[in-house]
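Asks:
Protein chains in written order, with this note's numbering: chain A, 1493 to 1822; chain B, -11 to 286.
(1) When the cut-off is 8 angstroms and only beta carbons count, does residue 1682 of chain A lie next to chain B?
(2) Between the Cα of residue 52 of chain B and those of A:1742, A:1630, A:1808 and A:1813, spot the shortest distance and give me the residue it belongs to.
(3) Between which residues of its own chain and residue 1819 of chain A is the CB-CB distance below 8 angstroms, once the five residues before and five after are set aside?
(4) Among residues of its own chain, excluding the 5 on either side of residue 1823 of chain A, which ones have a beta-carbon nearer than 8 angstroms to its beta-carbon?
(5) Does the beta-carbon of residue 1530 of chain A have 16 or more other beta-carbons within 10 angstroms, so that it is buried, or is it exposed?
(6) Taking DSSP as the reference, what is the three-state secondary structure of residue 1805 of chain A?
(7) Please confirm whether residue 1493 of chain A has its beta-carbon closer than 8 angstroms to some beta-carbon of chain B.
(8) What residues are listed by DSSP as bridge partners for residue 1600 of chain A?
(9) In the DSSP assignment, find the unbroken alpha helix (DSSP H) run with residue 1523 of chain A in it and report its ends.
(10) Going by DSSP in three states, residue 1494 of chain A sits in which element: helix, strand or coil?
(11) Which of the three DSSP states, helix, strand or coil, is assigned to residue 1548 of chain A?
(12) When the Cα of residue 1570 of chain A is compared with those of A:1665, A:1586 and A:1551, which residue comes out closest?
(13) Pull the bridge partners of residue 1673 of chain A from the DSSP assignment, please.
(14) With three or more C-beta pairs closer than 8 angstroms as the rule, is the region 1681 to 1692 of chain A touching the region 1649 to 1662 of chain A?
(15) Using a Cβ-Cβ distance cut-off of 8 angstroms, determine whether residue 1637 of chain A contacts chain B.
(16) In three-state DSSP terms, what is residue 204 of chain B?
(17) Find the nearest neighbour of residue 1553 of chain A within the set A:1533, A:1544 and A:1716, judged by alpha-carbon distance.
(18) Can you tell me whether DSSP reads residue 1727 of chain A as helix, strand or coil?
(19) Rounded to whole angstroms, what's the CA-CA distance from residue 263 of chain B to residue 141 of chain B? Just pull it up for me.
(20) Taking the Cβ atom as the reference point for each residue, do residue 216 of chain B and residue 115 of chain B lie within a distance shorter than 8 angstroms?
(21) Specify the secondary structure class of residue 1719 of chain A as computed by DSSP and reduced to three states.
(22) Since residue 1701 of chain A is in the beta strand (DSSP E), which residue starts that stretch and which ends it?
(23) Determine the burial state of residue 55 of chain B: buried for a count of at least 16 other Cβ atoms within 10 Å of its Cβ, exposed for fewer.
(24) Listed in chain order, which residues of the region 1783 to 1814 of chain A have Cβ atoms closer than 9 angstroms to some Cβ of chain B?
(25) Along the beta strand (DSSP E) that carries residue 1650 of chain A, what are the first and last residues, could you check?
(26) Could you please tell me which residues of the region 187 to 221 of chain B, in chain order, have their CB closer than 8 angstroms to any CB of chain A?
(27) Just to confirm my understanding: we take residue 1599 of chain A, look at its own chain, exclude 5 residues before and 5 after, and list those with CB closer than 8 angstroms. What are they?
(28) Give me the Cβ distance between residue 156 of chain B and residue 197 of chain B, rounded to the nearest whole Å; I'm assuming they're in contact under 8 angstroms.
(29) Using a cut-off of 9 angstroms between C-beta atoms, extract the partners of residue 226 of chain B located in chain A.
(30) Could you give the distance in angstroms between the alpha-carbon of residue 1494 of chain A and the alpha-carbon of residue 93 of chain B?
(31) Could you tell me if residue 1458 of chain A is buried or exposed, where buried requires 16 or more neighbouring beta carbons within 10 angstroms of its beta carbon?
(32) Can you check whether the C-beta of residue 180 of chain B is within less than 8 angstroms of a C-beta belonging to chain A?
(33) Where do the N-terminal and C-terminal ends of the beta strand (DSSP E) with residue 1679 of chain A fall, by residue?
(34) Can you tell me whether residue 235 of chain B is helix, strand or coil according to DSSP?
(35) From the DSSP output, which residues share a beta bridge with residue 56 of chain B?
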């Protein structure tokens, strides 16, 4: 009897499984790319699935570079990216005739942090950061005093993003002026928790990583305000300064790239509209820094007008004011 | 009857094949590993000069300013191994002597398995023990000690490899013929003299082998150093600084998204080959020690 009941349920389960396999979706959207944009896109997709159960949205993670590779093979509709499309990728998209619409979705700030035991660092300038991190400093700048003469002659122990992370690409570009140009003699890790551990337990440390990780560990680290030039005022990264572009040059926007032929499909349009409406609230909910509301509106207008291409082919991503740039390029 | 014999013979043959097949698996795996290491390292050395590899004092293959000097990784590996041995060898041998010469049989029967439990703790747990417990403790004693340093994982690794030394050395001490011990007592030697002047030298081949095994274990140890030693390749023998070992570097590259079939990727094979050569030489020494000194007292 029991056995019979068991097999009956099994059969029932199989029927349901089969039914769900053959479920007719009105549309499918496949998304892939950066791990740092993933949480936001996935949060949007989750909400979207609730209201539109007949549209299937799949979000994967394969890194910004990996996402663009799939995007340029035409395998996915939307690519998540924590940096603008590169020159090489842009050339390939032209060769393969794959168009895209670029939409900024959130901000990420890079936190410069030192140990809580550090008493002398009150602020740091971008020039000083460059002095610390440039490739020429490798093996030469080893003491705090070499960075600023009023600082004590203590060893300078560095912690920073690993070479395969988008944070590394962006910070090297913003500080040293060239992506991937950095000294190599520091503790480099893709795992931000390793960096948090290293900086917090070393009195002579200085490190950088995404602001989210500082916020999660604010009781263990000291955040350093950054001066973009000697005369400007020192800015601490927080929601307001990052969102309104005051924390420069260490604020980077994150993007999604939509394939232009996919953008013509009604269910994709529906998803993008939903994304732009919900991004601000959802970004805050998951601890991200949203763009100013007008920027979402401007981005959506650009999408509706079908404005393809990137704004960053000639313009540097570092220090960009999205609102002005988008208004000029409607 | 004959048919039965034939089938028995066939069964016998099949089992024989199965057994030799299993042993071949391990031999072929070893060969395969050596070939893979050698091929990729060879390609690496066509692009990077072997002289630079062993003389350059910086190791930054993933960065703009590329240097391929293995010395910083090697110094990190050897430094931590040295600290581990400085902890494990004296402690391990002392415990082994105590257990075989002083302690009662009952005490040994309890303590030895407990010691061996140390060897069965997963190394990742040792790693967190070093990072979360030993390092903060050491920071209280040595102000200015960095959060990642060579000392703490070295000490913890010493504790980890100690059971290998204790267990094997104790076996070696026990296998020394009792006549030697009795002769020593007969000559009027006390317990201490008997233990360290007669028994330890008599068991020296076994003790040396146990030490060599522990060293090669320490050289290849990965998790403890990856967690607690840091990831900064630095040519230093200062145990208070953070270092990167060969094994940590290999993990770092294989976890990141360095494109395969690139020079950066092949660095891990060259680094791996250096590590392999070290452990290979050590294993050969221990093999040689065993063969040369084993049956001296029988």
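Ideal placement from N, C-alpha and C gives every residue a C-beta, glycine not left out. From a predicted model like this one, the values you see are computed outputs, not experimental measurements.
Replies: Put simply:
(1) yes
(2) A:1630
(3) 1790
(4) Given that chain A is displayed from residue 1493 to residue 1822, the structure contains no residue 1823 of chain A and the question cannot be resolved.
(5) buried
(6) coil
(7) With a pLDDT of only 44 at residue 1493 of chain A, under the threshold of 50, the placement of this residue in the model should not be trusted; the figure read from the coordinates follows. Taking Cβ atoms only, chain B never reaches closer than 8 angstroms to residue 1493 of chain A, which makes this a no.
(8) A:1744
(9) Here residue 1523 of chain A belongs to no alpha helix (DSSP H); instead the beta strand (DSSP E) covers 1519 to 1525.
(10) Note that residue 1494 of chain A has pLDDT 47, beneath the 50 cutoff, so the model's placement of it is unreliable and no number is given.
(11) strand
(12) A:1551
(13) DSSP lists no partner for residue 1673 of chain A.
(14) yes
(15) no
(16) helix
(17) A:1533
(18) strand
(19) 19 angstroms
(20) yes
(21) strand
(22) 1697 to 1702
(23) buried
(24) none
(25) 1649 to 1653
(26) 218, 219, 220 and 221
(27) 1734, 1735, 1743, 1744, 1745, 1746, 1780, 1781, 1782 and 1783
(28) 7 angstroms
(29) Residues of chain A passing the Cβ test: none, with the nearest at roughly 11 angstroms.
(30) At residue 1494 of chain A, the pLDDT of 47 sits below 50, so the modelled position is not reliable and the matter cannot be decided from this model.
(31) The question about residue 1458 of chain A has no answer, for chain A in this structure spans 1493 to 1822.
(32) no
(33) 1679 to 1681
(34) helix
(35) B:47
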